[in-house]
């Protein structure tokens, strides 16, 4: 049981005399989407402006789908409805309650960065599961709704919690960090992405570094060493320089030599790509801060999964398909394209999706990415942001991925070829592009 009804009432109920039906002792899950309700869940209906539609319209549907209880700021006409003044405030209160009820020995890790947050969180969860009961964010739940929802779902006996914290506007990270109250805060990197609403790159950097604001009194801050000069307070570092607390060398494919403190280890990553080494190093920095066994962590890291759309590789017939379709920024684009160029002996093809939230940096960033993409056997650019640069470089370009004739595209592939799709979920996921491309390749083999 995730939450007992008496605890929910104590935390949330406006009426101190409210009681749930006697046959409902508690709830087993928390949902803000009525379509995701499972038997035993608590439904929290959110309302505009934080939700496109008023979730109160779906209370009856949630109860019919098996919800044990539902919150409501609008009605109190059902025994399974717990009235509250604000459902958003109730979600935040539940999140804070979930954090406070943990043992003092629990380790809570908060992660931010411009690129790689979800991979770092996924790998850390995989590693820490080998050391104890672990809970973390799902998907990319890292905003003003995702963070409190992830916390509200945290079991009381959690020993290790791993949470993403994201931002695309000034002032977003600090309140989320204070809600998470991490014992360890990790800033993986700061890049000129999601910068459109920030006055400068330095403003973006300070926003990321504000993750430290929620640290507990004995909490530890971990930074990529390139950020060290911007943080005057105590912190540990990971990076390529030998002065970093954790650093690496001899990178070859998925292997490297990594130094943790004064000890050297052979590191095997779950996937190819030098761009993943900092993520692996950040994992080990957390393990070191927790005083857990480094070799055990390295052994578990080798089998860690990649989140969907972050470099997953599959063989379909004689074609290798690399799915990088979830996220895109200039640095990750560059790393992915360079890695693709070294993969296998067959031809390399890339379908690139435009990058968003780059502000004034957008034109030059798209030009640089196309310059790399053009060195491959074929490059197809998707999105109007590539328009002028694509025309100047004689690179094929379409405004929308739906404009690609996949049957014709796949017919030009040969056995041994590799195709990478690199872009953001806004460009590819909402159109289910990977599913369509995958099925077209299957149909052609």
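Residue numbers (this note's numbering): 49 to 493. A virtual CB, placed ideally from N, CA and C, is assigned to each residue, including glycine.
Checklist entry - What's the C-alpha gap between residue 330 and residue 121? => result Along the chain shown, read from residue 1 onward, the residue named residue 330 stands at position 282. Along the chain shown, read from residue 1 onward, the residue named residue 121 stands at position 73. C-alpha separation (whole angstroms): 42 Å.
Checklist entry - Tell me which same chain residues have a C-beta within less than 7 Å of the C-beta of residue 308, skipping the five on either side of it? => result Within the chain shown, numbered from 1, the residue matching residue 308 stands at position 260. Apart from the 5 residues on each side of it in sequence, residue 308 sits with its Cβ closer than 7 Å to the Cβ of 294, 332, 336, 342 in its chain, given in chain order.
Checklist entry - How long is the line joining the alpha carbons of residue 437 and residue 396, rounded to whole angstroms? => result The residue you call residue 437 lines up with position 389 of the chain shown. The residue you call residue 396 lines up with position 348 of the chain shown. For residue 437 and residue 396, the distance between alpha carbons rounds to 21 Å.
Item to check | Where residue 256 falls: helix, strand or coil (DSSP) | outcome: Here the question's residue 256 lines up with position 208 in the chain shown. Three-state result, residue 256: helix.
Item to check | Candidates 255, 303, 327: closest to residue 175 by CA position | outcome: Against the chain shown, residue 175 aligns to sequence position 127. In terms of CA proximity to residue 175, 327 leads the group 255, 303, 327.
Item to check | Spatial neighbours of residue 57 in its chain, beta-carbon cut-off 6 Å, leaving aside the 5 residues before and after | outcome: Position 9 of the chain shown, counting from 1, holds the residue named residue 57. In the same chain as residue 57, and ignoring 5 residues on each side of it, the C-beta atoms closer than 6 Å to its own belong to 66, in chain order.
Item to check | Secondary structure, beta strand (DSSP E): runs of 3+ residues fully inside the stretch 95–151 | outcome: Complete beta strand (DSSP E) runs here, min 3: 117–120, 129–131.
Checklist entry - Where does residue 228 sit, in a helix, a strand or coil, going by DSSP? => result Working through the chain shown from its first residue, we reach residue 228 at position 180. Reduced to three states, the DSSP call for residue 228 is helix.
Next on the checklist: Beta-carbon within less than 6 Å of residue 78's beta-carbon, same chain only, minus the 5 sequence neighbours each way: which residues are those?
Outcome noted: Translated into positions along the chain shown, residue 78 becomes position 30. These residues qualify, in order along the chain: 90, 200, 201.
Checklist entry - So which of 428, 117, 304 has the shortest CA-CA distance to residue 288? => result In the chain shown, counting from the first residue as 1, residue 288 sits at position 240. The candidate whose alpha carbon is nearest that of residue 288 is 304.
Item to check | Assigned secondary structure, residue 342 (DSSP; H/G/I helix, E/B strand, else coil) | outcome: What you label residue 342 is simply residue 294 of the chain shown in a count that begins at 1. Looking at residue 342 - three-state DSSP - the assignment turns out to be helix.
Checklist entry - So which of 257, 234, 258, 429 has the shortest CA-CA distance to residue 286? => result Position 238 of the chain shown holds residue 286. Nearest neighbour of residue 286 by Cα position, chosen from 257, 234, 258, 429, turns out to be 234.
Item to check | Exposed unless 16 or more other CB atoms sit within 10 angstroms - verdict on residue 98 | outcome: Position 50 of the chain shown, counting from 1, holds the residue named residue 98. So residue 98 ends up on the exposed side.
Checklist entry - Whose C-alpha, out of 188, 410, 183, 483, is nearest the C-alpha of residue 154? => result Residue mapping note: residue 154 aligns to position 106 of the chain shown, counting from 1. Of 188, 410, 183, 483, the residue nearest in Cα terms is 183.
Item to check | Meets three-Cβ-pair contact criterion under 8 Å: the stretch 468–475 and the stretch 438–447 | outcome: Short answer: they don't touch.
Item to check | Beta bridge counterpart(s) of residue 360 as assigned by DSSP | outcome: Here residue 360 corresponds to residue number 312 of the chain shown, with the count starting at 1. When beta bridges are read from the DSSP output, residue 360 appears opposite 371.
Checklist entry - What are the boundary residues of the beta strand (DSSP E) that residue 184 is part of? => result In the chain shown, the residue the question calls residue 184 occupies position 136. Here the beta strand (DSSP E) through residue 184 covers 182–184.
Checklist entry - Where does residue 420 sit, in a helix, a strand or coil, going by DSSP? => result Residue mapping note: residue 420 aligns to position 372 of the chain shown, counting from 1. It is helical.
Checklist entry - Taking the alpha-carbon positions, what's the residue 104 to residue 170 distance? => result On the chain shown, position 56 is the one that residue 104 refers to. On the chain shown, position 122 is the one that residue 170 refers to. When rounded, the distance between both Cα atoms is 33 Å.
Next on the checklist: Quick check on DSSP: helix, strand or coil for residue 316?
Outcome noted: Taking the first residue of the chain shown as position 1, residue 316 is located at position 268. Reduced to three states, the DSSP call for residue 316 is strand.
Checklist entry - Which residues in the same chain have their Cβ closer than 8 Å to the Cβ of residue 216, if we skip the five residues on either side of it in sequence? => result For this step, residue 216 is matched to residue 168 along the chain shown. So the qualifying residues of the chain are 242, 244, 245, 405.
Next on the checklist: Give me the DSSP bridge partner(s) of residue 468.
Outcome noted: As a working note, residue 468 is residue 420 in the chain shown. Answer is 370, 398.
Item to check | Segment limits, beta strand (DSSP E) that includes residue 211 | outcome: Stepping through the chain shown from its first residue, residue 211 is reached at position 163. 208–212 is the extent of the beta strand (DSSP E) around residue 211.
Checklist entry - Are three or more beta carbon pairs between the stretch 347–354 and the stretch 428–437 nearer than 8 Å? => result Flag = no, the stretch 347–354 and the stretch 428–437 do not touch.
Next on the checklist: Less than 8 Å between the beta carbons of residue 167 and residue 358, yes or no?
Outcome noted: As a working mapping, residue 167 is identified with position 119 in the chain shown. As a working mapping, residue 358 is identified with position 310 in the chain shown. Cβ atoms of residue 167 and residue 358: closer than 8 Å.
Item to check | Inter-residue Cα distance where the pair is residue 127 and residue 147 | outcome: The residue given as residue 127 occupies position 79 in the chain shown. The residue given as residue 147 occupies position 99 in the chain shown. Computed Cα separation, rounded: 28 Å.
Item to check | the ligand GTP heavy atom lying under 7 Å from the CB of residue 64 | outcome: Within the structure as shown, the ligand GTP is missing, as the structure has no ligands at all.
Checklist entry - What are the boundary residues of the alpha helix (DSSP H) that residue 383 is part of? => result For the purposes of this step, residue 383 is taken as the residue at position 335 of the chain shown. Segment 378–389, the alpha helix (DSSP H) holding residue 383.
Next on the checklist: If contacts are defined as beta-carbon pairs under 8 Å, then residue 364 and residue 486 qualify, I think. What distance do you get, rounded to the angstrom?
Outcome noted: For the purposes of this step, residue 364 is identified with residue 316 of the chain shown, where counting begins at 1. For the purposes of this step, residue 486 is identified with residue 438 of the chain shown, where counting begins at 1. So it is a contact: roughly 7 Å between Cβ atoms.
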